[in-house]
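Have a look at the structure below before the remarks.
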Amino acid sequence: MDDSDRSRDDDSAAADGSTDEAEPGSDGAVDGGSEADDPDDSPASESVESEVTAEVEPEVGSAESDADESADERPETLSDPDEVVEAEDAGRSDALDDESESDQGSVDDAAGAGTEAAGDGGAPATTADVADPATAGVPTTEDDEPFDGIEGPETDEEMPLAAHIEEMMRRLAVVFLIGGLATLVVVTESTELINYFWSYHIPAPMENRPRLYGPLELPLTRLKVAGLAGVVVGLPAFVYETYRFMRPGLYQTERRYYLAAVPTSLVLGGIGIAFAHFLVLPAIFSYFTTYTADAATIAFGLAETFNLIVIMLAFMAIVFQIPLFIMLAIMMNLVTRQWLEAKRLIFWGSFLGIAFLFSPDPTGMAPIIVTLTMIALFEGTLAILRWTGN
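Everything in the sequence shown is counted per our numbering, starting at 245 for the first residue and increasing by one.
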């Protein structure tokens with residue numbers, strides 16, 4: 245190789261930015277190529293091309309090796325747009341399959357936990373035992389807690405059923421004790437009461453003297469008349485003891501209603517006795533005497549006559565508590581006036597059955613009078629509530 249060829253090689257190497265000092269390996273490649281080629285047969289351009297190619301080949305080889313390594317790490321790049329879309333769809337479907345498998349696994353775990361909690365030896369759990377995956381992990385709030393009933397006042401304390409029954413029996417015993425004491429007080433004056441009722445309700449009392457058909461009729465009649473006083477006194481005692489029994493579960497306003505009902509009960513009981521004494525019993529005895537006067541001579545027995553008088557007086561004392569019970573039930577929000585009006589026929593039928601059950605009159609006159617009285621008290625109380633806007 246002459247000097248002109250060597251100078252051109254140096255110029256081309258300088259133009260490519262490669263030198264013999266920067267690329268030590270390239271000298272060997274160039275020397276090898278120059279030794280293999282015949283200087284006489286190869287043109288100058290071929291020697292220049294061989295030197296440039298030898299200097300560039302190491303860099304290209306390293307780039308190809310890096311591409312191969314990256315191809316192993318990420319999926320092969322697709323040049324076709326359809327193939328790219330198909331690949332993306334396949335990736336999405338794989339992701340959805342993975343999510344469904346994970347959800348199914350969580351449901352299976354919950355079902356297994358429900359079966360273990362049931363403790364039935366591997367019996368399948370019900371849907372109520374399996375936790376809902378959608379609500380799993382969501383904290384429960386106060387609204388999600390079960391409803392345990394109406395919240396009472398602070399003084400309300402839970403007690404066993406046996407304790408409630410024991411307290412109720414003890415308070416009823418107090419009521420009977422108060423009524424018994426009133427009966428014992430009045431029994432000493434019961435003879436005067438017998439003469440008063442007999443002369444007031446029996447026509448021609450001096451001619452129609454009471455007849456005794458047993459040795460115990462007079463003392464038993466005296467106890468019955470005295471027991472009427474026990475009923476009158478025992479009614480407000482019953483209302484008060486009921487208030488004491490329910491007091492821990494009552495609010496302050498409800499306690500005031502109950503306390504006000506104690507004297508009201510006594511007043512209503514007196515009104516009921518007066519109503520029976522002045523209106524109901526005279527009408528009943530007048531009906532009896534008129535009904536049997538033409539058929540037979542009337543003989544008034546002491547026990548039977550005072551059974552009718554005492555039962556009607558005591559029964560009317562209880563019947564006249566209906567307005568008080570209705571007012572208490574509405575004030576304590578146990579019922580409403582609209583509900584009572586909607587169920588009035590049921591109450592009317594109940595009144596009729598109670599009147600025929602406790603009335604001693606087989607003719608039906610006394611039960612009808614008692615039933616009409618109860619219906620009048622019921623409807624009158626509702627009318628007053630409607631008029632006052634309550």
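Just so it is clear, CB atoms sit at the ideal spot from N, CA and C, and this is done for glycine as well.
For residue i, I'd like the list of residues in its chain whose CB is within less than 7 Å of its CB, leaving aside the five on either flank, ordered along the chain.
i, result
"A558", "L472, V475"
"F622", "I566, F591"
"P449", "W442, S443"
"T465", "I438, L546, A547, F550"
From the DSSP output, in three-state form, read off residue i for me.
i, result
"G608", "coil"
"G478", "helix"
"R455", "strand"
"G545", "strand"
"K587", "coil"
"V579", "coil"
"G633", "coil"
"P526", "helix"
"E402", "coil"
"S509", "helix"
"F559", "helix"
"Y495", "coil"
"A257", "With a pLDDT of 46 at A257, under the threshold of 50, the modelled position of this residue cannot be trusted; read the value that follows with caution. A257 falls in the helix class under three-state DSSP."
Within 10 angstroms of its Cβ, does residue i collect 16 or more other Cβ (buried), or is it exposed?
i, result
"S594", "exposed"
"R588", "exposed"
"V511", "exposed"
"G513", "buried"
"A520", "buried"
"A516", "The question names Ala, yet the displayed sequence has Gly at residue 516. Buried, since its Cβ has 16 or more Cβ neighbours within 10 Å."
"M556", "buried"
"E485", "buried"
"A561", "buried"
"P302", "Note that P302 scores 46 on pLDDT, short of 50, meaning its location in the model is unreliable; the coordinates nonetheless yield the value given after this. P302 comes out exposed."
"L425", "exposed"
By how many angstroms is the C-alpha of residue j removed from the C-alpha of residue i?
i, j, result
"T635", "V469", "What is shown of the chain runs 245 to 634, which leaves residue 635 out entirely."
"W583", "T625", "14 Å"
"L629", "R414", "35 Å"
"V477", "I422", "7 Å"
"V506", "L601", "28 Å"
"M403", "F489", "12 Å"
"V419", "T541", "43 Å"
"V483", "A518", "21 Å"
"L462", "I570", "39 Å"
"L416", "A407", "14 Å"
"V429", "A481", "16 Å"
Round the Cβ separation of residue i and residue j to the nearest angstrom and send it over; I've been treating them as touching at under 8 Å.
i, j, result
"L596", "T615", "5 Å"
"S509", "L568", "6 Å"
"H445", "F532", "Rounded, the Cβ-Cβ distance is 10 Å, inconsistent with contact."
Below 8 Å CB to CB, which residues in the same chain sit around residue i once its five sequence neighbours on both sides are set aside?
i, result
"E585", "L626"
"S536", "Checking the displayed sequence, the identity of residue 536 turns out to be Thr instead of Ser. Excluding residues within five positions, the ones whose Cβ falls inside 8 Å are I542."
"R499", "Y487, R491"
"E451", "none"
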